[in-house]
Every structure is written in C-alpha cells, then in structure tokens.
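Peer 1: First, the structure itself, so that you have it in front of you.
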Amino acid sequence: MANRRTLAVLASSALLLFGNWLIYVWAVESGQVLEVSFGYFINPIVNVAIGIALLGEKQNRVQYSAIAVACLAIAIQWVALGKVPLVALSLALSFAAYGYIRKTAQVGSTSGLFVETIVVSPIAMVLVGLYFAANGAGVHADPKLMTLLVMSGPATALPLIMFAYGIRRLRMTTIGMLQYLSPSITFVLAITYFGESIDPVRFASFALIWFALAIYSWDGLRRYRRSKA
C-alpha cells in the first residue's frame, strides 16, 4: 500500500512537472517570454507561502521583512505587466506544487526522478512523434537539433536531482528565497553577455529582490554564527 501511494504521489509530481515544461515551451514559442520570466519571479514567493502556511515554518521579523520586500518587487512587475498573468501564475503554481510534493514524499532524489521520467516518457515520445510527423522530420532531422534535444535531458535532470535533494534538507522558505538566484544570474547574463537593455521598472524590482536576498542571507549567517558561539 505504501509503495502504491508513493507511486501515485510521484505520478502526480511527474504530471505537474510535465505540465510546467509544456506551458513554458508553448509560452516561449508564442512570444510570451516576459510573462514566462515573471512566472519565475512569482514561484519563490509561492514556495515561501507554502512553507509558512502548509509546513508551519516559522520566520523571525528580519525574515518577514525580506519576504515583504520580495513581495513588493513582484507587485511592481505585476502592475507593469498590466494584466492578470495567467501563464506566469500557471508556471509558478505548478512548480511550487511540484516542490511541495517532492519535499513531503518519502523518496530519494534520484529514484524519484527516475519514476517521474518513466511516467512522462510515453507522453513525451508521442508528442515528439507528432511533431516530427507534422514537420516531415524523423531520421532526416537536423543532426544539430537532435543533438541539442538529446543533451537537454542531462541538462534538465541534474538540476532536478539537486533540487529534490536540497528541498528535503532545507526549509521551503529558504528554498524559495534561494530560487531568486536563477533569474538574477539570467539578468546579469542578459546585460553583460547578450547586451540586452533593461527597463527601469524591471531594474527596480531586481534591486528590491537583491536587497531582500541580502537581508535574508545576512540573518541566516547571523543566526548560524550565534549557534556556533
């Protein structure tokens, strides 16, 4: 019975992750990149909310202050977007739900991802087959495209294994705040490497998020030093 329950839980997490990827790819292909990026700003706050509301994780005043600053940054981007961000909310909620399931499921990171892969592989193969059939591709597909497609597997699996490993050992709120590192790194690369411009609103929201991360990290370091004193 326990094994069946674990399989059911992992099947649910697999479908959530698959749905998240599907929405992501569709949104990028349909030119909704801005809303996609916004979704990854909302997701950490949803994780923080899950940690507090569902897992009973306690925060001190400094941590609540950092979370409030991050929420303000999200509000600024929401107003700038000018509409209800359905795609962003779908991405944020689906991955947050995936994280919650993986945190509470009594299964290892690697074995859990293995089961999830088995669950979604048939669906993925059908979709890939339909794509190749519709575009007249198959064994004659571009070798570069096929190589990138194959390499995307390990490139995706490794972060997911590390995520599942870390989320079992860290608080959900800590995971949430740390997840702002990814869009922050992307932000720096966009400006320094790809030469993209940044509008004042987005820069202000990033500045607030970095400030929130600095507060949260400083408080964690301070409490760690106290515990070792």
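Count along the sequence shown from 1, add 6, and you get the number used in this note's numbering.
Quick reminder that beta carbons are idealized off the backbone N, C-alpha and C, glycines included.
1) Span of the alpha helix (DSSP H) holding residue 52?
2) Would you kindly report the start and end of the unbroken alpha helix (DSSP H) that includes residue 111?
3) Looking at the secondary structure, which residues open and close the alpha helix (DSSP H) in which residue 186 lies?
4) Between residue 61 and residue 208, is the Cβ-Cβ spacing less than 9 angstroms?
5) Residue 215 by DSSP, collapsed to three states: which one?
6) Rank 68, 210, 203 and 163 by C-alpha distance to the C-alpha of residue 27 and give the top, closest one.
7) Under a three-way DSSP split, which group does residue 65 fall into?
8) Taking only three categories from DSSP, how would you classify residue 150?
9) Relative to the ligand MG, is the shortest distance from any of its heavy atoms to the C-beta of residue 131 smaller than 8 angstroms?
10) Report all residues from its chain with a CB closer than 8 angstroms to the CB of residue 104; omit the five preceding and five following residues, and keep chain order.
11) What is the C-beta distance between residue 225 and residue 75, in whole angstroms, given that I count them as a contact (C-beta under 8 angstroms)?
12) Report yes or no: is there a C-beta of chain C within less than 9 angstroms of the C-beta of residue 75?
13) Assign residue 122 to one of three DSSP states: helix, strand, or coil.
14) According to DSSP, simplified to helix, strand and coil, what is residue 207?
Peer 2: From the atom records:
1) 39-59
2) No alpha helix (DSSP H) contains residue 111, which DSSP labels as neither H nor E.
3) It is not in any alpha helix (DSSP H) - residue 186 carries neither H nor E in the DSSP assignment.
4) no
5) helix
6) 163
7) coil
8) helix
9) Ligands in the displayed structure: none, and consequently the ligand MG is not present.
10) 19, 22, 23 and 26
11) Their Cβ separation, rounded to whole angstroms, is 12 angstroms, which puts residue 225 and residue 75 out of contact at 8 angstroms.
12) The structure shown contains no chain C; it is built from a single protein chain.
13) helix
14) helix
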